[in-house]
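Report on one structure; see the data block that follows.
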Amino acid sequence: MSTTNLSWNKVWPECRHDFPGGFAEDNIGVIRNDIVNLCHRAGFDEVDVQDLLEIHAESLSNYELIKLDKASQEAEKEGDEEEPVRGLDIKIHRECLGGIEKALETLKESDTNPARSSKVAHDVEKSVQIYQEIYDEKTRKIKQSSIYSFFKQVRHAVPVTPADPATE
34 MSTTNLSWNK
44 VWPECRHDFP
54 GGFAEDNIGV
64 IRNDIVNLCH
74 RAGFDEVDVQ
84 DLLEIHAESL
94 SNYELIKLDK
104 ASQEAEKEGD
114 EEEPVRGLDI
124 KIHRECLGGI
134 EKALETLKES
144 DTNPARSSKV
154 AHDVEKSVQI
164 YQEIYDEKTR
174 KIKQSSIYSF
184 FKQVRHAVPV
194 TPADPATE
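This is the structure we're talking about:
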């Protein structure tokens, strides 16, 4: 315990304990009162607080620790198997945007008032613009980059000519 106290003295002097047995009984009482006060502020009643303090006073057996570990691993696995996230994939995005564009073209061709159909088309395109931007972003991410996009073309200031073996 003295090695721990010496190391904590250098790292965090306020946490160092000067008594030989670890926590003193009066410190446990202060900690217990802090726990009770926090629980009351969180809305727990006296029975809940007493149960909490009693549970943590008991040490767990190896069997109970293994059981808790398995339960936490199962809960983790269940958390991993979440429902698929609802959202627009690229195919649905493309179909929807294409359908809107096709409907607007049909409207423009069929309407006898071109100013009205043009205004409606403009308003709809403006409203759908966010979906178009999302679609463009998704396609940009998926598009495979060419190997040439990672290289920068270098232009030489002086043209490089091959050496003529006859002049050497």
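Each residue of the sequence shown is one higher than the last, beginning at 34 in this note's numbering. Beta carbons are placed, not taken as given, at the ideal position from N, Cα and C, and that holds for glycine. The structure displayed is predicted, hence computed values, not measured ones.
Measure from the alpha carbon of residue i to the alpha carbon of each residue in the options, then state which is nearest.
i: K124; options: P147, D67, D78, D169; result: D169
i: G132; options: N146, S151, V157; result: V157
i: Q162; options: E134, S151, D144; result: E134
i: E138; options: E109, D102, S150; result: S150
Pop quiz: residue i and residue j are said to be a contact at Cβ under 8 angstroms. What is the actual Cβ separation, rounded to whole angstroms?
i: V69; j: V82; result: 5 angstroms
Return the chain-ordered list of same chain residues with a C-beta closer than 6 angstroms to the C-beta of residue i, the five sequence neighbours on each side being excluded.
i: K171; result: I123
Helix, strand or coil: which one does DSSP assign to residue i?
i: S150; result: helix
i: Q177; result: coil
i: R188; result: coil
i: L71; result: helix
i: D84; result: helix
i: G76; result: coil
i: D169; result: helix
Assuming residue i is part of the alpha helix (DSSP H), what are its boundary residues?
i: T145; result: Taken as a continuous stretch (DSSP letters only), T145 belongs to no alpha helix (DSSP H), as it is neither H nor E.
Apart from the five residues on each side of it in sequence, which residues of its chain come closer than 8 angstroms, Cβ to Cβ, to residue i?
i: L140; result: S150, V153, A154
i: H73; result: V82
i: C129; result: L121, Y164
Grab me the residues of residue i's own chain with a C-beta within less than 7 angstroms of its C-beta, minus the 5 sequence neighbours each way, in chain order.
i: A104; result: none
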